[in-house]
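Residue numbers (our numbering): -16 to 155. All C-beta atoms in this analysis are idealised placements derived from N, C-alpha and C, irrespective of residue type, glycine included. Notes to accompany the following structure.
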Amino acid sequence: MSRTRSAFSIVEMLVMMGISILIIGVLYMMWDSSRRQEKNVSRHMDVQRGLRGSMILIQKDLREMLEVVELEREPTASLKSLLIKVPGPTTGETNSVIYGFEKAAGTSTSILRRNGRILFQDSLTDFQIYPFTLEERPREVREVSEYDRIHLFKVKLTFLPGKDEFQRVAEQ
């Protein structure tokens, strides 16, 4: 006599549940990994967007600059403070613009400020500025008495993703 089976045995049910749990676990790991990757890319884009906006504002101010009042730099050419005069919104008026760059002691975090307002902070490690004159021959201006001879600036911003980002990547 032949007997047809119409139900699963307990062993078959356990095997199917184990395989299902394994498949669900793999799918969850893939979803979680893509979510973390999206978060990292989004953060990196925000850092670049902020840096790009800061550079546009700095370039605008340096192009419109009428006078350099004060330029204080570290021996490494890192900016401490820069006070310049730029044209105001109305004709004949001038505005003072103060840039300040501060490195937080003991950390890699630095802050770039424009007129006291934080322009960029996240992951900025250095802000170097080099004033040049084109009189006689191109050369860097180092003396305060020569500030009226400045024709152009070379600006170098250095930024790195924060340590927490490196740690997350290493963990992944």
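Item: Mind checking who V138 pairs with in its DSSP beta bridge?; Value: I112
Item: Could you tell me the alpha carbon to alpha carbon distance between L107 and G99, rounded to whole angstroms?; Value: 17 Å
Item: Using only alpha-carbon positions, find the residue among E57, S37, K43 that is nearest to L135.; Value: K43
Item: Start and end of the alpha helix (DSSP H) containing E21?; Value: -7 to 47
Item: Identify whether E53 lies in helix, strand or coil by the three-state DSSP scheme.; Value: strand
Item: For E123, which beta-bridge partners are listed by DSSP?; Value: F115
Item: If I follow the unbroken beta strand (DSSP E) through L62, where does it start and stop?; Value: 62 to 70
Item: Given a cut-off of 9 Å, decide if I41 and L102 are closer than it, judged by their beta-carbon atoms.; Value: yes
Item: In whole angstroms, what separates the C-alpha of K139 from that of F110?; Value: 6 Å
Item: Sorry if obvious, but does the Cβ on S25 come closer than 8 Å to a heavy atom of the ligand ATP?; Value: No copy of the ligand ATP appears in this structure; indeed no ligand is present at all.
Item: Note down, in chain order, each residue of its chain lying with its Cβ closer than 7 Å to the Cβ of V9, except the 5 sequence neighbours on either side.; Value: none
Item: May I ask you to verify whether the segment 75 to 92 touches the segment 48 to 63, counting CB pairs closer than 8 Å and requiring at least 3?; Value: yes
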